[in-house]
Amino acid sequence: MKKSSTLTTTTSMPTSPTLSAQTLSASRISLSSSKSGKSFQSQNGPVRPGSGCVSAINAKREEIEIDTILEKAKFYTSVCLGSTAILSVLTFLFLIPFVVDPAISTIIADYDPVPVTCIVIDHIYAEGIKNCSWSSCREGCTSSLTKCHQLFVNYTRIPYSEWERSPRDLDTVNWDVSYTKFLINSEGCGYPPTTNCSVFARQYGFTHVGEPFPCYYSRAYPEVVIGRYSWENNLYHLVLSLIIPNVLFAISIGVLSYWYCPCCEKWNKSSRVYAEKFPTKEDKLLCHSDEDDEMEY
């Protein structure tokens, strides 16, 4: 019995040293691999598990900042466009009685662009509202008349340039229209400094009564005679008064409608919902977990 136990003990002893050697070699291999991995990481920089998530959040934040700037720019641009539309309407309403209506009346009157020959035969200076039912010149088209100059003229359709080349005796001239009202322009009024009624009266009345001068008569209403007329200037002011306010109003309303009109929403709708630009709760939790793993690492 003693021999058998001794034999068993002798045969079982070499097993333990053999297993320890294998385990030791395996642990050495794992240690070397871990060292090589660390050396690789030290050569190529540390690996951050949460770097991708952080960069995504930073990208979203930059996108939000850009969108905020664009929204502010859109707001201020909308304010400017709305103000432009309102001012365009007010300007057009202001220009209707002062520019558009007189210009259209001048076109309808159809004045002869070639000046003919006129002479002032009577000049009346009156004061008081009752005595000033009309005036050849008025400073301010909406002001009440308390003082007025009333000039009456005769005119012949002989062009004034021809009259200057060969003057005629006034007593022998056959006047086409006699004793008719003479106005400074088609409206008979204006605003300083272009219109000065005192200068107008001294130019055509007082001591200049009976002197020939150029004037323009209406081919539609022959009894209407004016002292200032230019087809080009009249058309120029009319076109500017119609085009500029209306074009500015149309552009402003068109842009605002494109941005805010529900009918244009399908054309102006963004491919992404504005809330999707912000990080979700899952993204934040994932980033926090990645950051915790990185701290443990």
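Each residue of the sequence shown is one higher than the one before, counting from 1 in our numbering.
Note that the Cβ used here is the ideal one computed from N, Cα and C, for glycine as well.
As the structure is a computational prediction, the values presented were derived from the model and not from experiment.
Mind reading off the beta-carbon distance from residue i to residue j? Whole number of angstroms is fine, and I expect it under 8 Å.
{"i": "E139", "j": "T195", "result": "6 Å"}
{"i": "F249", "j": "S88", "result": "4 Å"}
{"i": "C215", "j": "V153", "result": "7 Å"}
{"i": "A201", "j": "H149", "result": "4 Å"}
In the structure shown, what three-state DSSP assignment does residue i receive?
{"i": "C148", "result": "strand"}
{"i": "C197", "result": "helix"}
{"i": "T117", "result": "strand"}
{"i": "S133", "result": "coil"}
{"i": "C141", "result": "coil"}
{"i": "P82", "result": "Just to set this straight, residue 82 is Gly in the shown sequence, not Pro. Three-state result, G82: helix."}
{"i": "I226", "result": "strand"}
{"i": "E211", "result": "coil"}
{"i": "F206", "result": "helix"}
{"i": "S186", "result": "coil"}
{"i": "Y221", "result": "coil"}
{"i": "Y216", "result": "strand"}
{"i": "Y191", "result": "coil"}
{"i": "S27", "result": "With a pLDDT of 47 at S27, under the threshold of 50, the predicted position of this residue should be treated as unreliable, though the coordinate-derived value follows. Reduced to three states, the DSSP call for S27 is helix."}
{"i": "K38", "result": "At K38 the pLDDT is 42, less than 50, meaning the model places this residue with poor confidence; the figure from the coordinates comes in the next sentence. K38: helix per DSSP, three-state reduction."}
Please report the straight-line C-alpha distance between residue i and residue j, rounded to a whole angstrom.
{"i": "D110", "j": "C189", "result": "19 Å"}
{"i": "V79", "j": "T68", "result": "17 Å"}
{"i": "I86", "j": "E223", "result": "42 Å"}
{"i": "I124", "j": "T172", "result": "26 Å"}
{"i": "V255", "j": "T84", "result": "12 Å"}
{"i": "N373", "j": "R165", "result": "The question about residue 373 has no answer, for the chain in this structure spans 1 to 297."}
{"i": "N185", "j": "V114", "result": "15 Å"}
{"i": "T91", "j": "P245", "result": "7 Å"}
{"i": "F213", "j": "W163", "result": "10 Å"}
{"i": "S144", "j": "S133", "result": "10 Å"}
{"i": "S230", "j": "A103", "result": "11 Å"}
{"i": "S270", "j": "V247", "result": "For S270, the predicted structure reports a pLDDT of 49, less than 50, and the residue's modelled location is therefore unreliable. A value from the coordinates is still provided. So the two alpha carbons sit approximately 29 Å from each other."}
{"i": "Y217", "j": "K181", "result": "11 Å"}
{"i": "N233", "j": "E65", "result": "52 Å"}
{"i": "P193", "j": "T106", "result": "21 Å"}
{"i": "F206", "j": "L151", "result": "10 Å"}
{"i": "I243", "j": "S257", "result": "21 Å"}
{"i": "E187", "j": "L235", "result": "15 Å"}
{"i": "Y160", "j": "Y204", "result": "15 Å"}
{"i": "H208", "j": "Y191", "result": "24 Å"}
{"i": "C137", "j": "C197", "result": "5 Å"}
{"i": "D101", "j": "L93", "result": "11 Å"}
{"i": "C263", "j": "R61", "result": "31 Å"}
For residue i, which residues in the same chain have their Cβ closer than 6 Å to its Cβ, ignoring the five residues on either side in sequence?
{"i": "G45", "result": "Here G45 scores only 46 on pLDDT, less than 50, and its place in the model is too uncertain to base an answer on."}
{"i": "L95", "result": "S241"}
{"i": "S252", "result": "L81, T84, A85"}
{"i": "R157", "result": "V116, D176"}
{"i": "P179", "result": "Residue identity check: residue 179 is Tyr in the sequence provided, not Pro. If we look at Y179 and ignore the five residues flanking it on each side, its Cβ neighbours are F152."}
{"i": "Y76", "result": "none"}
Can you give me the Cβ contacts of residue i inside the same chain, cut-off strictly under 8 Å, excluding the 5 residues immediately before and after it?
{"i": "F98", "result": "C141"}
{"i": "G210", "result": "I119, V120, I121, L170"}
{"i": "V199", "result": "none"}
{"i": "I129", "result": "S144, L145, T146"}
{"i": "L70", "result": "none"}
{"i": "C261", "result": "none"}
Apart from the five residues just before and just after residue i, which ones in its own chain have a Cβ nearer than 7 Å to its Cβ?
{"i": "A220", "result": "I108, A109, D110"}
{"i": "S30", "result": "Summary for S30: the model assigns pLDDT 48, below 50, so the residue's position carries little reliability, and this model does not support an answer."}
{"i": "R228", "result": "I184, N185"}
{"i": "Y155", "result": "V116, T117, C118, W175, D176, V177, C215, Y217, V225"}
{"i": "D112", "result": "Y216, Y217, R219"}
Can residue i be considered in contact with the ligand ZN, in the sense that its beta carbon sits closer than 7 Å to one or more heavy atoms?
{"i": "E139", "result": "Absence of the ligand ZN is noted for the structure shown, with no ligands found whatsoever."}
Would you list, in sequence order, the uninterrupted alpha helix (DSSP H) runs of no fewer than 4 residues that lie entirely inside the stretch 153 to 179? Taking only runs of at least 4 residues, the alpha helix (DSSP H) segments lying wholly in the stretch 153 to 179 are 160 to 165.
Please go through the stretch 62 to 107 and give each complete alpha helix (DSSP H) segment of 4 or more residues, from N-terminal end onward. Restricted to the stretch 62 to 107, not a single alpha helix (DSSP H) segment is unbroken, complete and at least 4 residues in length.
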